[in-house]
Structures are given as structure tokens and as C-alpha cells.
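Shown next, in C-alpha cells, is the structure this report addresses.
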Amino acid sequence: MKKLKGILLAGLAVGILAGGAATVVSADSYKQATRIQAATVTLSDAKAIALQTAGSGKVVSIDLDGNKAGAVYYDVTVLDGFTEKEYKIDARTGSILKAKEEPIDDNEDMQLTQTNVQLTFEDAEKILQQKYPQARVYDEELDIWGGQVVYKLEALNGTQKIKMTIDANSGNILNERIK
Numbered sequence: 329m330k331k332l333k334g335i336l337l338a339g340l341a342v343g344i345l346a347g348g349a350a351t352v353v354s355a356d357s358y359k360q361a362t363r364i365q366a367a368t369v370t371l372s373d374a375k376a377i378a379l380q381t382a383g384s385g386k387v388v389s390i391d392l393d394g395n396k397a398g399a400v401y402y403d404v405t406v407l408d409g410f411t412e413k414e415y416k417i418d419a420r421t422g423s424i425l426k427a428k429e430e431p432i433d434d435n436e437d438m439q440l441t442q443t444n445v446q447l448t449f450e451d452a453e454k455i456l457q458q459k460y461p462q463a464r465v466y467d468e469e470l471d472i473w474g475g476q477v478v479y480k481l482e483a484l485n486g487t488q489k490i491k492m493t494i495d496a497n498s499g500n501i502l503n504e505r506i507k
């Protein structure tokens, strides 16, 4: 009887934890959906604003984010020669909220400044949206993954959170997760 009680309690604990994880994912998806709705500046517009402000360079990441006060903004990173430039861009107005420059101190980032790829962020978005036509991309990153240059995308498809890794030269989907 004690053994059965222990098994039932363990099963109950696992069920509660799994339900809690689903609630966290759902709350996170809701928060991100709210940010996507509030953003009047697109990912492409925010990248263009960052590049224009930087003067030159290569966008390597952009992420739609927000804070508890309701501000919605893009965090954009541009690599330019030996300099990493980071911008916080208001997702409603397109104005630069914060700008920061520092020397590149990461070998991977240094490698990305010297790498040319066949596909653009927009090409990677199209690959994701061919599979998930209703998905809204909110996070993009050019990265080195397992020795390959890849695009890592995060998107929201209804309440599903999609994470996809795409080869930046061939367009092959290398990894995909749905929560």
C-alpha cells in the first residue's frame, strides 16, 4: 500500500510539473503575441534602422522584446569590422532608445564578420513560413552551429512557439522544435 501511495504521489507531482511547464510556455507565448501585435515597426525596418545608424556592417541578431512597463523594442546587433554595435529600437516608433559599441571579443563573432552566406535573413524567414504560413518571426540570429553558419529563428504560430535552425548557405532545415 505504501508503495502504491508513493507511485501515485510521484505521478501526481509529474503531472503538476508538466502542467506548470505548459502554463509557462502558454504565458510566454501570450506575452510574445502581445509584443508582436504592438510592434508597428517590422523586423526588416528595425534591421534597416540599425544598419543606417551603424553606417556599415552586418546585422547578426534581432530580437523583439519588452518590459513590464509595456515598452516594446528590438535588440539589434551589428558587427562592423572589429566593432560590435548594439541598438535598442522602439518597436512602435523606430527611434533609437539606446546605442552601445564595444570591440568584438568573441572568436565566433569575428568569424561572422568575415563570412559571406548565400541566404539572407528574409530568405530564412520565407523557409520557415513555407512550412508555417501563419507564423510570425520575432527573433533571428546569424550564428555558427556545429561548424556551420546558420540562421536561428524563433516564431509564434498561434500559441505554438517554433525554433528553427537553417543552413545559411543551402537553406536546409537542420533543427526544428515546437512547444
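Residue numbering for the sequence shown follows our numbering, beginning at 329 and increasing consecutively. Glycine included, each C-beta is placed from N, C-alpha and C at the ideal position. Keep in mind it's a predicted model, so treat the numbers as computed, not measured.
Report the option in A382, I390 and Y415 whose CA atom is closest to the CA atom of T370.
-> To locate residue 370, count along the sequence shown from 1; it is residue 42. The shortest Cα separation from T370 among A382, I390 and Y415 belongs to I390.
When the Cα of L425 is compared with those of D471, A374 and D433, which residue comes out closest?
-> As a first step, residue 425 must be located in the sequence shown, where it is residue number 97. Comparing Cα-Cα distances from L425 to each of D471, A374 and D433, the minimum goes to A374.
Just the C-alpha distance for I506 and K489, rounded to the nearest angstrom, thanks.
-> Mapped onto the sequence shown, residue 506 falls at position 178. Mapped onto the sequence shown, residue 489 falls at position 161. The alpha-carbon separation between I506 and K489 amounts to approximately 6 Å.
K428 versus L481 - alpha carbon distance = Translated into positions along the sequence shown, residue 428 becomes position 100. Translated into positions along the sequence shown, residue 481 becomes position 153. Their Cα atoms are separated by approximately 24 Å.
Hey, how far is the Cα of W473 from the Cα of I501?
-> Numbered from 1 along the sequence shown, position 145 holds the residue referred to as residue 473. Numbered from 1 along the sequence shown, position 173 holds the residue referred to as residue 501. If I take the Cα positions, the gap works out to 13 Å.
Select from F410, T443 and E414 the residue whose C-alpha is nearest the C-alpha of I381.
-> The count along the sequence shown starts at 1 and reaches residue 381 at position 53. Residue 381 is actually Thr in this sequence, not Ile. Ranking F410, T443 and E414 by Cα distance to T381 puts E414 first.
So does the segment 459-476 actually touch the segment 490-497, counting three or more Cβ pairs closer than 8 Å?
-> yes
Would you check if the distance between the CB atom of A367 and the CB atom of V406 is smaller than 7 Å?
-> As a first step, residue 367 must be located in the sequence shown, where it is residue number 39. As a first step, residue 406 must be located in the sequence shown, where it is residue number 78. In this structure, V406 does not lie closer than 7 Å to A367 by Cβ.
With a 10 Å radius around its C-beta and 16 neighbouring C-beta atoms as the bar for buried, classify A452 as buried or exposed.
-> Locating residue 452 in the sequence shown gives position 124, counting from the first residue. Counting Cβ neighbours within 10 Å, A452 comes out buried, since at least 16 surround it.
With DSSP as the reference, label K459 as helix, strand or coil.
-> As a first step, residue 459 is located in the sequence shown; it is residue number 131 there, counting from the start. Reduced to three states, the DSSP call for K459 is helix.
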